[in-house]
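Novice: Protein chains in written order, with the numbering used here: chain H, 52 to 354; chain E, 52 to 354.
(1) Quick check on this structure: which residue in H:328, H:320 and H:324 has the alpha carbon closest to the alpha carbon of residue 345 of chain H?
(2) How far does the beta strand (DSSP E) with residue 62 of chain E in it reach, from first residue to last?
(3) Quick one: does residue 326 of chain H have its CB under 9 Å from some CB of chain E?
(4) Run through chain H and tell me which residues come within less than 7 Å of residue 96 of chain E, C-beta to C-beta.
(5) Whether or not the segment 171-178 of chain H and the segment 170-189 of chain E are in contact is what I'm after, with contact meaning three or more pairs of Cβ atoms, one per stretch, closer than 8 Å; do they touch?
(6) Nearest to residue 167 of chain H by CA position, among H:205, H:108 and H:206, is which residue?
(7) Let me check understanding here. Comparing Cα to Cα, which of H:330, H:236 and H:310 lies closest to residue 274 of chain H?
(8) Which term fits residue 355 of chain E, buried or exposed, when burial requires 16 or more other beta carbons within 10 angstroms of its beta carbon?
(9) At least one CB of chain E closer than 9 Å to the CB of residue 170 of chain H: is that the case?
(10) Considering residue 199 of chain E, what are the terminal residues of the beta strand (DSSP E) in which it resides?
(11) Taking 9 Å as the threshold (beta carbon to beta carbon), is residue 143 of chain E in contact with chain H?
(12) Could you check what DSSP says for residue 96 of chain H in three-state terms: helix, strand or coil?
(13) Under the rule that 16 or more other beta-carbon atoms within 10 Å means buried, what is residue 355 of chain E, buried or exposed?
(14) I'd like to know if residue 337 of chain H contacts chain E, where contact means its C-beta is closer than 9 Å to some C-beta of that chain.
(15) Could you compute how far the alpha carbon of residue 132 of chain H sits from the alpha carbon of residue 142 of chain H?
(16) First and last residue of the beta strand (DSSP E) that includes residue 187 of chain E?
(17) Buried or exposed: where does residue 217 of chain H fall if 16 or more other Cβ atoms within 10 Å of its Cβ makes it buried?
(18) What residues in its chain sit with their C-beta under 7 Å from that of residue 55 of chain H, if we drop five residues either side in the sequence?
(19) For residue 133 of chain H, go through chain E and note every residue whose CB falls closer than 7 Å to its CB, in chain order.
(20) Can you have a look at residue 242 of chain E and say buried or exposed, based on whether 16 or more other CB atoms are within 10 angstroms of its CB?
(21) Do you know whose CA, among E:325, E:343 and E:157, lies nearest residue 290 of chain E's CA?
(22) Take residue 215 of chain E as the anchor and find which of E:305, E:118, E:249 and E:349 has the nearest alpha-carbon.
(23) If you scan the segment 261-285 of chain H from start to end, which runs of the alpha helix (DSSP H) of 4 or more residues do you find wholly inside it?
(24) Can you give me the Cβ contacts of residue 276 of chain E inside the same chain, cut-off strictly under 6 Å, excluding the 5 residues immediately before and after it?
(25) Assess, as a yes-or-no matter, whether the segment 149-166 of chain H is touched by the segment 93-108 of chain H under the definition of 3 or more beta carbon pairs within less than 8 Å.
(26) Got a sec, what are the start and stop residues for the alpha helix (DSSP H) residue 66 of chain E sits in?
(27) Please report the straight-line C-alpha distance between residue 240 of chain H and residue 233 of chain H, rounded to a whole angstrom.
(28) Distance check for residue 196 of chain E and residue 339 of chain E, CA to CA, integer angstroms please.
(29) According to DSSP, is residue 237 of chain E part of a helix, a strand, or is it coil?
(30) Could you check what DSSP says for residue 71 of chain H in three-state terms: helix, strand or coil?
(31) Is the Cβ-Cβ distance between residue 219 of chain H and residue 265 of chain H less than 9 Å?
(32) For my contact list, residue 69 of chain H and residue 119 of chain H are in at a C-beta cut-off of 8 Å; report their separation, rounded to the angstrom.
(33) Mark residue 155 of chain H as exposed unless 16 or more other C-beta atoms lie within 10 angstroms of its C-beta, in which case mark it buried.
(34) Sort E:294, E:208 and E:57 by Cα distance to residue 253 of chain E and report the nearest one.
(35) Pick helix, strand or coil for residue 311 of chain E, following the three-state DSSP scheme.
(36) Would residue 164 of chain E be called buried (16 or more neighbouring beta carbons within 10 Å of its own) or exposed?
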């Protein structure tokens, strides 16, 4: 498992899997925590193949209820239970998914060993938030209700600068106050400012996941300056009309969103099975935006 | 694709898939026709991997509603539709499966390009029958309702013996009557018997698919003399108690059924993930019944 923030790519296909491409699934590592983004058929096999730890996944985020984005979820949650998971699992998805999972668990007489906690993406703009991570929905424009996800890793608290504290002879029982942002007052009444005794915390980072959607510039304001943008690119420019009709995007359109949002890096994926080689996707996108990665099963894209 | 009757093994895992073992799925070729037996997650990927023709599958037979036997079905039927299938697909399964499929198709706004025809295994003993093939249920003994399948390829009609017809100078317009079993009467009134002018048709063959079940001798009478018996063997003898508790069988128990039913060949499969090597399954079974095959993904077992 890679140490830094990044996205493990598990599936790059659109619609149905082909011999070498699995349906959409991604394991996002951010702030040392794990979120599964979409869960197409075979996701649990892909997680095993790439030796990714099932049990650290705290939430599964499903963009929409087309099968290539969620047919692997029932198998995954069943396997979690067989493995004896006890930790709650959040399912962040359109609400119909709850019934779909429950009817299948009922038919097999399965009592999960852990609790599912559903968050309906139709209702909330902020889907999850704690001290470290915020997940917001990004409303997309697809044939059915579809919401992407904006992950923000909040900037970390300042950390004690041990060397500086040693040099200034700060008593250990004062370190807690320093961490809370207080300055230190010496016995002689002089003050040492907090910034001299602490180090900057981790930088805020943002990752946005946008699939499936037609070209939809309304999302740009939410994507401003994100570190990593995943944007679907089902088609090449030659099939722009087909993209429009099927509510998908071309590589150029994804690049145009990336450019206007001033993102740092763009991942293209969700490729139509009609294309065998994919280099043309990169070429077309790079006419507009330079820092483009073509997704591939097994790849880890750090940010 | 192999020319003769046989079973393509697509998945040999029990419960959840492991790195190298997929959940239950088998493509039965019998009399030139194709039936899918169970459809665990990833079945459509396995069919592609082994270059098996999706579109010739006329029925999917699901033994029971534990996920490792049917979680791949919704993806497969969706892909059939994306590929433009028009031919009706029979789903032979416990009736709850209908609702499970329909709720998922509804959530994704999918209108299939072909019709599904459900046959409820809870209701009927003869699940399908036409001039060539009969499918009967085999009631098994598992934690939920579970029915295996007995396939009978009926003995074929006698075929015209072209050489004999030529030697006896049979007029061509009489061949149809010969095929219907009539004798031929010459102008001089003498009769040539049908058996001299025709060849025996194809021999009747039987294949039985029994999973998941605890040791259940009640099935033996239905399995008498079958050409190929697939019987689950989740456990080795050392875990016989666990087999009993979980309503599964050991390799020895499967072999004992094969022996008593006088079957020609036995396939063992549905192996618990706790076992890495599988040779012990064969060894234990062969103490009781000799003609044993250990299932493996990609294998074709002819009969």
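Using N, Cα and C, we set each Cβ at its ideal position, and we do this for glycine too. Predicted, not measured: the structure shown is a model, and the values here were computed from it.
Specialist: So, from the data block:
(1) H:320
(2) 57-62
(3) no
(4) 68 and 93
(5) no
(6) H:108
(7) H:310
(8) Since the first residue shown for chain E is 52 and the last is 354, residue 355 of chain E is missing from the structure and cannot be characterised.
(9) no
(10) 198-204
(11) no
(12) helix
(13) Residue 355 of chain E lies beyond the stretch modelled for chain E, which goes from 52 to 354, so this question has no answer here.
(14) no
(15) 15 Å
(16) 184-190
(17) exposed
(18) 353
(19) 66 and 67
(20) exposed
(21) E:325
(22) E:249
(23) 271-274
(24) 313
(25) no
(26) That residue, residue 66 of chain E, is in no alpha helix (DSSP H); it is neither H nor E in DSSP.
(27) 15 Å
(28) 29 Å
(29) coil
(30) coil
(31) no
(32) 11 Å between Cβ atoms; not a contact.
(33) buried
(34) E:208
(35) helix
(36) exposed
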